[in-house]
Ligand SMILES: NC(=O)c1ccc[n+]([C@@H]2O[C@H](COP(=O)([O-])OP(=O)(O)OC[C@H]3O[C@@H](n4cnc5c(N)ncnc54)[C@H](OP(=O)(O)O)[C@@H]3O)[C@@H](O)[C@H]2O)c1
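Numbering (the working numbering), first residue to last: 82 to 341.
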């Protein structure tokens, strides 16, 4: 399937994976609607896309705000036309601390990473149902497959995204709407640039974007990548807790202070 003359909305397009996916889609002739909080970054990306002959529109929204997110996506639809593809990508990563519990961080992370996806879907799904076509995609994580020490909140938020998309996919199977859950391993972006621990099979964001767009073109149900990290994460599910704790200890003990 080609993205030429399609309309895509990408949340979290001001940085990292969202930024790169927007560029790849635009280069294929897709009009891209860019959403995030940092308008200066979105405008920079939109002008790059236009300079290369593509079409882009920008809106500012905080995806934890339901009405704001839905209204912003409607403005993108008004500017570009009915939305064929939503990539709900906005997300943050915060550690989960226990002494004391960092409730504020965990609460906010779950609202951005999970409810932010649901609110973005609310912005496009009614019209997709009317048109009997469309594609909903969200960025989950390979972290959705295993609760990791020090990352309980992040893994839970990504597992929530993954199973929400799974349920929607089955519910929408006769309605002409494809649903994709994308589960990346470590990708080099501002989110992971703060990590001081080793990140196995780290991939550049532009390579990740190429892979994501290819998976979207195939309307994959679930896209796990890179394959070696997928095998690693899925294997962790079968190991005893003491062994997981030992494998992960270097990772959790060297966490930087929470960013942002
Ligand atoms: N990098 C990895 O290794 C990795 C692995 C698996 C999954 N992921 C997931 O991939 C997605 C993109 O992450 P990334 O690595 O590209 O990180 P990033 O470079 O930090 O980008 C995160 C994006 O989310 C947006 N965002 C954050 N909070 C938001 C809010 N409240 N409202 C609207 N937008 C918000 C940011 O835009 P503003 O700050 O301008 O709002 C930014 O555009 C996330 O969902 C992340 O969990 C990343």
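Think of the CB as a built atom: it goes at the ideal place given N, C-alpha and C, for glycine as much as any other residue. Note that this is a predicted model, so its numbers are computed, not measured.
Compare the beta carbon distance of residue i and residue j with 8 Å and say whether it is the shorter of the two.
i, j, result
"residue 98", "residue 113", "no"
"residue 164", "residue 124", "no"
"residue 223", "residue 311", "yes"
"residue 243", "residue 218", "no"
"residue 93", "residue 132", "no"
"residue 167", "residue 205", "yes"
"residue 183", "residue 239", "no"
"residue 174", "residue 214", "no"
"residue 251", "residue 102", "no"
"residue 300", "residue 216", "yes"
Examine ligand 1 and report whether any of its heavy atoms sits within less than 7 Å of the Cβ of residue i.
i, result
"residue 143", "yes"
"residue 119", "yes"
"residue 24", "Look at the range of the chain in this structure, 82 to 341, and you will see that residue 24 is not part of it."
"residue 305", "no"
"residue 137", "no"
"residue 272", "yes"
"residue 298", "no"
"residue 293", "no"
"residue 256", "no"
"residue 171", "yes"
"residue 90", "no"
"residue 275", "no"
"residue 265", "yes"
"residue 327", "no"
"residue 94", "yes"
"residue 179", "no"
"residue 83", "no"
May I have the straight-line CA-CA distance separating residue i from residue j, to the nearest angstrom?
i, j, result
"residue 162", "residue 290", "24 Å"
"residue 155", "residue 135", "21 Å"
"residue 68", "residue 297", "Residue 68 is absent from the structure shown; the chain starts at 82 and stops at 341."
"residue 334", "residue 326", "Only weak support exists for where residue 334 lies, its pLDDT of 45 falling under 50; the value from the coordinates is given anyway. Cα to Cα, the separation comes out at about 11 Å."
"residue 126", "residue 105", "12 Å"
"residue 141", "residue 227", "33 Å"
"residue 181", "residue 137", "44 Å"
"residue 241", "residue 201", "15 Å"
"residue 396", "residue 268", "This structure leaves residue 396 out entirely; the chain is present only between 82 and 341."
"residue 265", "residue 237", "15 Å"
"residue 143", "residue 192", "11 Å"
"residue 111", "residue 212", "19 Å"
"residue 45", "residue 96", "No statement about residue 45 is possible, as the shown extent of the chain runs from 82 to 341 and does not include it."
"residue 90", "residue 203", "13 Å"
"residue 295", "residue 220", "14 Å"
"residue 84", "residue 128", "20 Å"
"residue 189", "residue 160", "30 Å"
"residue 275", "residue 315", "25 Å"
"residue 330", "residue 145", "32 Å"
"residue 109", "residue 328", "42 Å"
"residue 287", "residue 169", "18 Å"
Let me confirm a value: residue i is counted as buried when at least 16 other C-beta atoms fall within 10 Å, else exposed. Which label applies?
i, result
"residue 100", "buried"
"residue 338", "Low local confidence applies: a pLDDT of 47 at residue 338 is under 50, so the model's placement there is unreliable, and no value is given."
"residue 86", "exposed"
"residue 246", "buried"
"residue 177", "buried"
"residue 285", "exposed"
"residue 88", "buried"
"residue 198", "buried"
"residue 307", "buried"
"residue 81", "Given that the chain is displayed from residue 82 to residue 341, the structure contains no residue 81 and the question cannot be resolved."
"residue 320", "exposed"
"residue 171", "buried"
"residue 82", "exposed"
"residue 115", "buried"
"residue 341", "Below a pLDDT of 50, predicted positions are generally treated as unreliable, and residue 341, at 38, falls in that range; no measurement from the model is reported."
"residue 324", "exposed"
Worksheet item: If you pair each beta-carbon of the segment 261–279 with each one of the segment 139–157, do three or more pairs fall below 8 Å?
Response: In short, these stretches do not touch, since the Cβ pair count stays below three.
Practice prompt. Taking 8 Å as the threshold, find out whether the segment 260–267 comes into contact with the segment 230–237 through three or more Cβ pairs.
Written response: Cβ pair count under 8 Å is below three, so no.
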